[in-house]
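Okay, structure first, notes after.
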Amino acid sequence: MPRLSMLRTRLGTLDSRTGSVIQPMTREQADAVRRADLDRARANDPIRKLYKTSRWKQLRTTLYVERGGRCECGCGCLTVLYEREASPSTPVAVFDHIEGARERPDLFFDPSHIRLMAKPCHDRRTARDQGFAKGVGGGKSLGV
Numbered sequence: 002m003p004r005l006s007m008l009r010t011r012l013g014t015l016d017s018r019t020g021s022v023i024q025p026m027t028r029e030q031a032d033a034v035r036r037a038d039l040d041r042a043r044a045n046d047p048i049r050k051l052y053k054t055s056r057w058k059q060l061r062t063t064l065y066v067e068r069g070g071r072c073e074c075g076c077g078c079l080t081v082l083y084e085r086e087a088s089p090s091t092p093v094a095v096f097d098h099i100e101g102a103r104e105r106p107d108l109f110f111d112p113s114h115i116r117l118m119a120k121p122c123h124d125r126r127t128a129r130d131q132g133f134a135k136g137v138g139g140g141k142s143l144g145v
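For the sequence shown, position 1 matches number 2 in the numbering used here, and the numbering has no gaps at all.
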């Protein structure tokens, strides 16, 4: 016998200003609104805008060539500069600010303050530093 699925409510709520009926949003609509709000906030973030500058792009290329494209976390794995060239065996390079760019925006373009890391290594370190690794936030162990 088929199971009954939950019936969706047909009742709306009243807008307190106009008294008109507001239909509840579906989960997909709520997610779309949330994503749009996040995209709008990111677009206006002054730190994120620095990553789009030609100065930053040139610095990345220069550091990649100077440092031989190898991860500086200690693993020494070879990386690629662009996402489209990445594979499971050669991850994309991430240029990590030793102190966060938000904490020290004055050091954003300082080469001595930037380390080249493979994306998996950078993701592990970021998870640990931000409290997502096991023992801090209760998450899964990341082995870093």
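The beta-carbon is built from N, C-alpha and C at its ideal position, and this holds for glycine as well.
Remember, predicted model here, so these are calculated numbers, not experimental data.
**OP:** Just tell me which of Phe133, Lys58, Arg125 and Glu84 has its CA closest to the CA of Pro112.
**Re:** Lys58
Subject >> Leu82 to Ser88 span [Cα, whole Å] >> reply: 12 Å
Original post:
Can you name, in chain order, every residue of its own chain whose Cβ lies under 8 Å from the Cβ of Glu84, other than the five neighbours on each side?
Top reply: Val93
Original post:
Between which two residues does the beta strand (DSSP E) harbouring Ile115 extend?
Top reply: Ile115 to Ala119
Original post:
Helix, strand or coil: how does DSSP classify Thr127 here?
Top reply: helix
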